[in-house]
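Residue numbers (mature numbering (1 follows the signal peptide of the UniProt record, and there is no 0)): -22 to -1, 1 to 184.
Ideal Cβ positions, reconstructed from N, Cα and C, are used throughout, including at glycine.
Data block below; observations after.
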Amino acid sequence: MMFKQPLKIMLVLFTLSGLLSACGYTFKNEEDHVKYTIEKFYNVQYKAYLKMEYIDTTPYLDMTKIQNQNKVIALKELTFRRKYAFEKGYGYVERRRFPLKFNYKNIDINGNRAKVVVELEIDRTKAYPMFICPGDNIFELEKQDGHWKIINHTYQGLTQYELWIDKKLPEPDYEKIKRQLDKEFGETNGTVYIGSMDSYFYAIGR
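Shown next as C-alpha cells:
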C-alpha cells in the first residue's frame, strides 16, 4: 500500500513524457516553447509554399484574430496561384527552400502573454516567399490550453501579404484566380520569374 502514491506519480510522469514524445518535441522552458511556435509557424508555411498546397497553420494561431484569419486566406491563395501557374507552365516557379535564420533580440514572457522581437535573416540573393520578411518581426503570443498561440504579428511586409489586421479578406475564389492568371499570363506569354513574383500574383487579384 505504501508504494501506491509514488507509483501513481511515476505513471503520471511517464504518461506526460509519452505525450511530449508523441508531439515530437520536448520544451526545456517557456522561452523554448515560444521559439518553437514561431519557427514551426514559418516552417509549415514554407512547406506549404514549396508543396504548392495549403497546410494547416491554425495550431500556431489564435483564429479569433482577423489578422490570423487573413494569414490563412493569404496562404491558401498563394499556394493555389503557384500550383496553377506551375501546372500551366506560366514561367518559372521556385521550388527550392533557402536558409532562414532566427535571431532573437528579445523575449519577454509575463504569465500567459509573451512579446518577441526576432530578426529574420535570409540570403538576399534568393527569392523567398512573401510571408518571410527580413528584418525585425514582432510577435505577441498568448498561452491557451497549454499551447502558445500567435495573437499579433508586426512586420514590414504585412500590407503586401495579409493586408489588414482589422478587415477580413474574402475567402479565395479559385475560379476567379484561374481566370486572372490565364488573362495576365496570356498577355505576357508566360515570361515571368514567378519565384520572386509572389507580389505580382497578388497585384493581379487585389
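Note on GLU72: 16 or more other CB atoms within 10 angstroms of its CB, so buried under the neighbour-count rule. Under DSSP, the beta-bridge partners assigned to GLY113 are LEU98.
Between GLU99 and ASN88, the CB-CB gap reaches or exceeds 8 Å. The stretch 63 to 77 makes no contact with the stretch 40 to 48; the number of CB pairs closer than 8 Å stays below 3. Annotated three-state conformation of ASP10 is helix, per DSSP.
In this structure, GLU120 is the residue among THR137, GLU120, GLY135 with its C-alpha nearest to the C-alpha of ILE129. By the criterion of at least three beta-carbon pairs nearer than 8 Å, the stretch 124 to 138 is not in contact with the stretch 146 to 160.
Taken atom to atom, the span from the alpha-carbon of CYS111 to that of VAL12 is near 19 Å. Within the same chain, Cβ atoms closer than 8 Å to the Cβ of GLU17 are found at PHE80, the five residues on either side in sequence being excluded.
Here ARG73 carries a coil assignment [DSSP, helix/strand/coil].
LYS154 is bridged by DSSP to nothing; it lacks a bridge partner.
Of the residues THR42, TYR133, PHE117, the one whose Cα lies closest to the Cα of TYR14 is PHE117. One thing to note: ARG59 has its Cβ within 8 Å of the Cβ of LEU159. The DSSP-derived three-state label of LYS18 is helix.
For THR132, the uninterrupted beta strand (DSSP E) segment begins and ends at 125 to 132.
Rounded to whole angstroms, ASP40 and VAL96 show a C-alpha spacing of 19 Å. LEU56 has its alpha-carbon roughly 14 Å from the corresponding atom of ASP34.
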